[in-house]
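Quick note, the sequences are listed as chains B and E, same order. Using my numbering, you'd call the opening residue of the first sequence number 1 and step up by one each time. Using my numbering, you'd call the opening residue of the second sequence number 339 and step up by one each time.
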Amino acid sequence: MSRYLARRLLTAVPTLLAISMVIFAVLDLAPGDPTGALPETIRPEVRQMIREAMGLDKPMHIKYLLWLRQFFWNEPIGLLESALGIEIGDSESRLRITSWGSRGTPVFDLIAQRVPQTLWVVGLAYLISVLIAVPVGVISAVRQYSVFDQLGTLFSLIGYSVPTFFTGLLLIIVFSVNLNWLPSIYDTNLEVRDWRSLVAQLRQMAMPVTVLAFFQTAALVRFTRSSMLDNLTQDYVRTVKAKGFRERYVVIRHILRNSLIPVITLVALGVPTIFSGAIITEQIFRVNGLGALLISSIQVNDIPMIQTVTFIFAVLIVIFNLIADIIYGVLDPRIRYA
Amino acid sequence: MSDMKKLTRSTFRAPVVVLLLAAMVALLASCAAPAETDTAAPAEPEVKELTILYWQAASLPGPFLSGGTKDQDAGAVTLEPLASVDPDGVLVPRLAAAIPTIENGGVSEDGLTITWTLQEGLLWSDGTPMTADDAVFTWEYCTHPETGCASVDTYDGVVSVEAPDDTTVVVTFDKFTPYPYTAFVTAQSPIISRTQFGECVGAAAQACSEQNLAPLGTGAYRLTDFKVNDVATYERNPHYRGEPAYFDRVIFKGGGDAASAARAVLETGEADYAWNLQVEPQILAEMEAKGQGEIIVAFDSLVERLLVNQTNPDEALGDDRSEYLDGTNPHPFLVGTPVAQAMSMAIDRSVIAENLYGFAGQPVCNVIPGPKHYVSTANDGCLVQDIDGANALLDEAGIVDTDGDGVREYNGMPLSVRYQTSTNSVRQKTQAVIKQWWAEIGIETELLNHDASVFFGGDPNSPDTYQKFYTDIQMYTTGPSIDPQIHLSQWQCQYIPERANSWAGGNIFRGCDPEYDELFQMLVETPVGPERERLVKTLNDMNVQAGMQIPLVYRGRVAARTNSLQGVWINGWDTELWNVGDWAREE
Chain B
1 MSRYLARRLL TAVPTLLAIS MVIFAVLDLA PGDPTGALPE TIRPEVRQMI
51 REAMGLDKPM HIKYLLWLRQ FFWNEPIGLL ESALGIEIGD SESRLRITSW
101 GSRGTPVFDL IAQRVPQTLW VVGLAYLISV LIAVPVGVIS AVRQYSVFDQ
151 LGTLFSLIGY SVPTFFTGLL LIIVFSVNLN WLPSIYDTNL EVRDWRSLVA
201 QLRQMAMPVT VLAFFQTAAL VRFTRSSMLD NLTQDYVRTV KAKGFRERYV
251 VIRHILRNSL IPVITLVALG VPTIFSGAII TEQIFRVNGL GALLISSIQV
301 NDIPMIQTVT FIFAVLIVIF NLIADIIYGV LDPRIRYA
Chain E
339 MSDMKKLTRS TFRAPVVVLL LAAMVALLAS CAAPAETDTA APAEPEVKEL
389 TILYWQAASL PGPFLSGGTK DQDAGAVTLE PLASVDPDGV LVPRLAAAIP
439 TIENGGVSED GLTITWTLQE GLLWSDGTPM TADDAVFTWE YCTHPETGCA
489 SVDTYDGVVS VEAPDDTTVV VTFDKFTPYP YTAFVTAQSP IISRTQFGEC
539 VGAAAQACSE QNLAPLGTGA YRLTDFKVND VATYERNPHY RGEPAYFDRV
589 IFKGGGDAAS AARAVLETGE ADYAWNLQVE PQILAEMEAK GQGEIIVAFD
639 SLVERLLVNQ TNPDEALGDD RSEYLDGTNP HPFLVGTPVA QAMSMAIDRS
689 VIAENLYGFA GQPVCNVIPG PKHYVSTAND GCLVQDIDGA NALLDEAGIV
739 DTDGDGVREY NGMPLSVRYQ TSTNSVRQKT QAVIKQWWAE IGIETELLNH
789 DASVFFGGDP NSPDTYQKFY TDIQMYTTGP SIDPQIHLSQ WQCQYIPERA
839 NSWAGGNIFR GCDPEYDELF QMLVETPVGP ERERLVKTLN DMNVQAGMQI
889 PLVYRGRVAA RTNSLQGVWI NGWDTELWNV GDWAREE
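And the structure:
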């Protein structure tokens, strides 16, 4: 197992390097100019000066190597320094990756500012959707074609096929405009300190979380249901039933455990999407998460930011793929890695 | 089998699901409830809060390192210039005690220096004194080539900024400058503190992230927190020179889209002010009809206009089409005839402005539409459509339809024009209605549109750019800055775009009038005052009356404010938040 792990981790390195190169090349070759968002009244010479101040005129391979050095060397050391409160070498002159859109602001500071909101909103929605989807999927499968199953199928089809920008808008119009119950603007200054602010936080999270949970639940319910159905007809189920065990015991101890293996893999593979945020939902409700950060950086051609955020997503995807594989091996004794 | 079914039912009475659903409902219910508990709660001192929505979030508070309007405006809540420009285009002192003029001796007779006097006892928002030296520093900071300052053109022609004493700022220009109110005027050119930014000049500006995100200001509010691309928070500035501001807190929230920003002000009342509402006029009107707020529009100088090609764009001429060729290539029927005038008379500008631009447009007859004191009244006749008059004008000039095909001829040449613009639904609708009106006066029109990135892209290899102007008529928006001199300079003979100068130059319609050039030279030597105003109006009239440009719609920027918010005076010439310190809530 540990050899397998080591091999997987080692192969991840060239994979990630290749990914970072592709991201960098695509962004560098794409048309677009970070000074393009400036008002038209700013003259071309001034734009050129701004570009030079950003270091935009350097050749691509230099910019790439510089970024690699900053990402894999300067930033971790900086993190270590601030965590341990020590100083390693000449920390003053060690360049950090800085944003172009907000000139001079370190990219990692901005990401750190955004992660909590994303985890709160998107993460909670993901958790809720797993908590709802698994039981609903199980019941739907066990009581196939019952009213519950039909309703479940109906809702999951709606949830799956209606885009989040539509449900989001619908909820805003119903709950903010007409009923005036919930805020449509996410207050990112809100700190949860007491009951009052907790309630405020729950109120402002209610709509984005519902929108996201609705969408994600739909997909998971279908998957759990079909995975359960596959197992229900298996020989071992008949054997266990023939032994005279109670239905609940059969379903929970035998069928569910086996059918959850692919579901858990799917859930693990979906975790990186929590971090990449729900771009559209965050935009609609003005949640300042990672998705909103990415989209606003794309709008102003803030390449260091796009590059770094996209690459972090790539790292997460590689890591969670590995985790999913390992979990799979742990849960399913038939699978052994060597 | 029936036993099995029974078992299944009893086992799965879905306790988990029911519980979860119940929890969700409880959550929603608890969300709905606080509406009542909020009002019933024991009187906690109410925080007076102003929420401003910008659907483009600010990246930095201030115009220097990130020159977007959003950044400039986020800075303008706390940073101040020496003077602002009010919505009528009149200078208003901010940090300065008064506006320097030639009469009060603040502007030298030779037009080379302007001397500003600061108000006494100014303090930065941390309580340290603000002096003339900070203005000197701001100039050094912004003009340092490695700073990459987006406001550097406000210092054009400035050779030095000096501070002979703590309250005197002397700006010296390289030549006679008729309009010296460029440096340190408007939100594009505010003053920052030397104590705070002293180490951040040049390349170091990038590394000063801490300072860049928390600049000291002198305004009615001071910045307390800035979340990049998200929200800026301000509080009342205790060191402000004037009356303390009304609000305890100002929230400058970014992100989302224009329509939801409008909704938040006009329908849900969650925000007090929303900026730049590029939303379909009908949708905005519906939201406004709910009665919670009001749509307001800032007009500066943008005029959607038709440019009338003064040279011959005939394809048969090959490379010589739309070339001025020292005046030997005039347009066959648009120069020296009343055709352009008739085309202008046939247009109903109110129909275009009201139906296609909505709140954001007004009919206009001048190419210099503001500030007020520069606006001519000589052309106002164009506000009323006059198709009969246009027909009569053409008949009188002997330009009639000789072959009965519905299109008039001039010297045997049918009045058939090609009319191009950028691809944009409002522009295509404008083209379509104008084509119809022109058909009514016997002019045939072929409509063309090009993608904006091509049309405005300036690629010298593309035939479809507005600079090359290979059609008879084209349409787009442009306009002067607060002082129209630079804009008017573009219409001199020397700025005609042609092959020889790779189509650089702003005289896009290719009109040349030596009299115009002569009058323009007078303008350059005339300081601000009634004489300058007269000259600007004359230059505007010459251009419009010669039929070189046909103004259509005066375009504004739309914003929304909630009804209870008082003191908003939306400004096209300076930031919309120029007087945010005076905003208050009606009690």
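Glycine is no exception: its CB is placed at the ideal position from the N, C-alpha and C atoms.
Taking the beta carbon of residue i as the centre, do at least 16 other beta carbons fall within 10 Å, making it buried, or is it exposed?
i                      : result
residue 734 of chain E : exposed
residue 21 of chain B  : exposed
residue 85 of chain B  : exposed
residue 432 of chain E : buried
residue 813 of chain E : buried
residue 459 of chain E : exposed
residue 408 of chain E : buried
residue 252 of chain B : exposed
residue 804 of chain E : buried
residue 62 of chain B  : exposed
Excluding the 5 residues preceding and the 5 following residue i in the sequence, name in chain order all residues of the same chain whose CB lies nearer than 6 Å to its CB.
i                      : result
residue 551 of chain E : 564
residue 540 of chain E : 482, 484, 485
residue 367 of chain E : With a pLDDT of 44 at residue 367 of chain E, under the threshold of 50, the predicted position of this residue should be treated as unreliable, and no value is reported.
residue 500 of chain E : 508
residue 784 of chain E : 756
Taking Cβ positions only, does residue i come closer than 8 Å to chain B?
i                      : result
residue 364 of chain E : Below a pLDDT of 50, predicted positions are generally treated as unreliable, and residue 364 of chain E, at 49, falls in that range; the measurement from the model is reported next regardless. No, because no Cβ of chain B sits closer than 8 Å to the Cβ of residue 364 of chain E.
residue 483 of chain E : yes
residue 521 of chain E : no
residue 374 of chain E : Any reading at residue 374 of chain E must be qualified, since the residue scores a pLDDT of 38, below 50, and its modelled position is unreliable; the value itself is stated next. Not closer than 8 Å to any Cβ of chain B, the Cβ of residue 374 of chain E fails to qualify, so no.
residue 591 of chain E : yes
residue 806 of chain E : no
residue 827 of chain E : no
residue 567 of chain E : yes
residue 527 of chain E : no
CB-CB under 8 Å to residue i, same chain, minus the five flanking residues each way: which ones, in chain order?
i                      : result
residue 237 of chain B : 231, 250, 254, 255
residue 274 of chain B : 118, 119, 122, 123, 126
residue 343 of chain E : With a pLDDT of 40 at residue 343 of chain E, under the threshold of 50, the predicted position of this residue should be treated as unreliable, and no value is reported.
Do residue i and residue j have their C-beta atoms within less than 8 Å of each other?
i                      : j                      : result
residue 34 of chain B  : residue 302 of chain B : yes
residue 456 of chain E : residue 609 of chain E : no
residue 828 of chain E : residue 854 of chain E : no
residue 911 of chain E : residue 419 of chain E : no
residue 636 of chain E : residue 897 of chain E : yes
residue 223 of chain B : residue 271 of chain B : no
residue 534 of chain E : residue 492 of chain E : no
residue 646 of chain E : residue 678 of chain E : yes
residue 55 of chain B  : residue 397 of chain E : no
residue 712 of chain E : residue 848 of chain E : no
Name the chain E residues that come within less than 8 Å of residue i, Cβ to Cβ?
i                      : result
residue 104 of chain B : 403, 543, 544, 545, 546, 547, 550
residue 283 of chain B : 593, 594, 595
To which residues of the same chain is residue i closer than 7 Å at the C-beta, ignoring the five residues directly before and after it?
i                      : result
residue 307 of chain B : 23, 24, 27, 67
residue 605 of chain E : 625, 628, 630
residue 210 of chain B : 171
Under 9 Å Cβ-Cβ, which residues of chain B neighbour residue i?
i                      : result
residue 896 of chain E : Ordered by position in chain B, no residue passes the 9 Å Cβ test against residue 896 of chain E, which lies about 18 Å from the chain.
residue 386 of chain E : Those within 9 Å of residue 386 of chain E in chain B number zero; the least Cβ separation is about 16 Å.
residue 571 of chain E : 189
residue 601 of chain E : 172, 173, 176, 177, 184
Who are the neighbours of residue i on chain E, taking C-beta pairs under 7 Å?
i                      : result
residue 176 of chain B : 606
residue 293 of chain B : 567
Below 8 Å on C-beta distance, what does residue i contact in chain B?
i                      : result
residue 398 of chain E : 102, 103, 105
residue 609 of chain E : 185
So with CB distances below 9 Å, who are the chain E contacts of residue i?
i                      : result
residue 253 of chain B : Result: empty, since nearest Cβ-Cβ is about 13 Å, beyond 9 Å.
residue 98 of chain B  : 544, 545, 547
I'd like to know if residue i contacts chain E, where contact means its C-beta is closer than 8 Å to some C-beta of that chain.
i                      : result
residue 234 of chain B : no
residue 310 of chain B : no
residue 286 of chain B : yes
residue 296 of chain B : yes
residue 74 of chain B  : no
residue 53 of chain B  : yes
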